[in-house]
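*Asks:* Structure incoming, see below.
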Amino acid sequence: MGAEKFARRELFKIGGIGALGMLLPEWQARRSPTAADPNVSVIHVGNNYLGGQWYFDPAGLYIQKGQKVRWESTKWGATVTAFHPANFNHELRIPENAKPFDSGVIGDSYRNTYEWTFEVEGTYDYFSRNHESLGMVGRIVVGAPGGPAEKNPLGYGSAEGRAVVFPNEIKVFEALPSQEIVAKKTVALPKDFLFRPWPYGDRQ
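Here you go:
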């Protein structure tokens, strides 16, 4: 009887090790940093809890038409969502013929990246659904500036009943002029957004 229990225990052990061996590569692939690809531009999703700020780094990015962008996050909670009426009734601030994108929440142990290929030339403004009021927005210029984001001022959609545009969003976008993005290729979030006074950060 003891030998039978021992054999059964060993069988379960072998089966468990085999199952783990099958699952481990997939788990590692999801958790390990993606190998560098020169054809993919990476934007990091950052946060400064002390300063009460979430942000995209870089906040402004220039790419070529047909190029892919990957957003990478190590903290759960942010989204990558295009300014588009289909996305929570926001203003149209991507090219008219472009498809709106929305990553859903990223940054958990299962899904910490999001990728999108930009097939239409122009200017794309996007935001994080959960941190929009903080000014967590970004701008990508594909090929050359153009489209509604260049023609219409922030907040133009209020007359149409579109979602509100927050003051912090306006401040960040003002620091991301498209011509500067084209010239520099990447533009960082203004430093004063990372170190905010009380009540968002340390008392000063």
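Going by numbering that gives the first Met the number 0, the sequence shown opens with residue 0, and the numbers climb by one from there.
The C-beta atom is built at its ideal place from N, Cα and C for all residues, glycine as well.
Values in this document were obtained by computation on a predicted structure and should not be read as measured data.
(1) Buried or exposed: residue 90, going by 16 or more other Cβ atoms within 10 Å of its Cβ?
(2) Quick one, which of 128, 69 and 144 has its alpha-carbon nearest residue 110's?
(3) What does the alpha-carbon distance come out to for the pair residue 39 and residue 157?
(4) Is it buried or exposed for residue 22, if we count other Cβ within 10 angstroms and need 16 for buried?
(5) Would you kindly report the start and end of the unbroken beta strand (DSSP E) that includes residue 105?
(6) Assign residue 46 to one of three DSSP states: helix, strand, or coil.
(7) Check whether the Cβ atoms of residue 123 and residue 139 sit closer than 9 Å, and answer yes or no.
(8) Alpha carbon to alpha carbon, what distance is there between residue 187 and residue 179?
(9) I need the straight-line Cα distance from residue 76 to residue 145, nearest angstrom please.
(10) Hey, would you say residue 55 sits closer than 9 Å to residue 102, going by beta carbons?
(11) Which residue comes first and which comes last in the alpha helix (DSSP H) that contains residue 180?
(12) Have a look at residue 155 and residue 148 and give me their C-alpha separation to the nearest angstrom.
(13) In the structure shown, what three-state DSSP assignment does residue 74 receive?
(14) Enumerate in chain order the residues of its own chain whose CB-to-CB distance from residue 142 is below 7 Å, with the five nearest sequence positions on each side excluded.
(15) Mapping DSSP to helix, strand and coil, what is residue 188?
(16) Can you grab the Cα-Cα spacing for the pair residue 129 / residue 135, in whole Å?
(17) Reducing DSSP to helix, strand and coil, say where residue 140 ends up.
(18) How about residue 100 and residue 73: are their beta carbons less than 9 Å apart?
(19) Nearest-angstrom Cα distance between residue 177 and residue 107?
*Replies:* Taking the structure as given:
(1) Start at 1 with the first residue of the sequence shown, and residue 90 comes out as number 91. Residue 90 is buried by the Cβ-count criterion.
(2) Along the sequence shown, read from residue 1 onward, the residue named residue 110 stands at position 111. Of the listed residues, the one whose Cα sits closest to residue 110 is 69.
(3) Here residue 39 corresponds to residue number 40 of the sequence shown, with the count starting at 1. Here residue 157 corresponds to residue number 158 of the sequence shown, with the count starting at 1. Roughly 35 Å separates the two Cα atoms.
(4) Walking along the sequence shown from the start, residue 22 turns up at place 23. The predicted model places residue 22 with a pLDDT of 36, which falls under 50 and marks its position as unreliable; any figure quoted below should be read in that light. Under this definition residue 22 is an exposed residue.
(5) The residue given as residue 105 occupies position 106 in the sequence shown. Counting along the chain, residue 105 falls outside any beta strand (DSSP E), and DSSP gives it neither H nor E.
(6) By one-based count along the sequence shown, residue 46 stands at place 47. Note: residue 46 maps to strand in three-state DSSP.
(7) Translated into positions along the sequence shown, residue 123 becomes position 124. Translated into positions along the sequence shown, residue 139 becomes position 140. Yes, the Cβ-Cβ distance between residue 123 and residue 139 is below 9 Å.
(8) Locating residue 179 in the sequence shown gives position 180, counting from the first residue. Locating residue 187 in the sequence shown gives position 188, counting from the first residue. In a straight line, the C-alpha of residue 179 is about 11 Å away from that of residue 187.
(9) Numbered from its first residue, the sequence shown carries residue 76 at position 77. Numbered from its first residue, the sequence shown carries residue 145 at position 146. If you take the alpha carbons of residue 76 and residue 145, they lie about 30 Å apart.
(10) Counting from 1 along the sequence shown, the entry for residue 55 is found at position 56. Counting from 1 along the sequence shown, the entry for residue 102 is found at position 103. No, Cβ-Cβ distance for residue 55 and residue 102 is not below 9 Å.
(11) For the purposes of this step, residue 180 is taken as residue 181 along the sequence shown, with counting starting at 1. Note, residue 180: alpha helix (DSSP H), 177–183.
(12) As a first step, residue 155 must be located in the sequence shown, where it is residue number 156. As a first step, residue 148 must be located in the sequence shown, where it is residue number 149. Those two C-alpha atoms are separated by around 10 Å.
(13) Position 75 of the sequence shown, counted from the start, is the residue given in the question as residue 74. Coil, per DSSP.
(14) Against the sequence shown, residue 142 aligns to sequence position 143. Same-chain partners within the cutoff: 63, 64 and 120.
(15) If you number the sequence shown from 1, residue 188 lands on position 189. Residue 188 falls in the coil class under three-state DSSP.
(16) Position 130 of the sequence shown holds residue 129. Position 136 of the sequence shown holds residue 135. Each residue's alpha carbon lies about 9 Å from the other.
(17) Here residue 140 refers to the residue found at position 141 of the sequence shown. DSSP places residue 140 in strand when its eight states are reduced to three.
(18) To locate residue 100, count along the sequence shown from 1; it is residue 101. To locate residue 73, count along the sequence shown from 1; it is residue 74. Going by C-beta atoms, residue 100 is not nearer than 9 Å to residue 73.
(19) As a first step, residue 177 is located in the sequence shown; it is residue number 178 there, counting from the start. As a first step, residue 107 is located in the sequence shown; it is residue number 108 there, counting from the start. Cα to Cα, residue 177 sits roughly 32 Å from residue 107.
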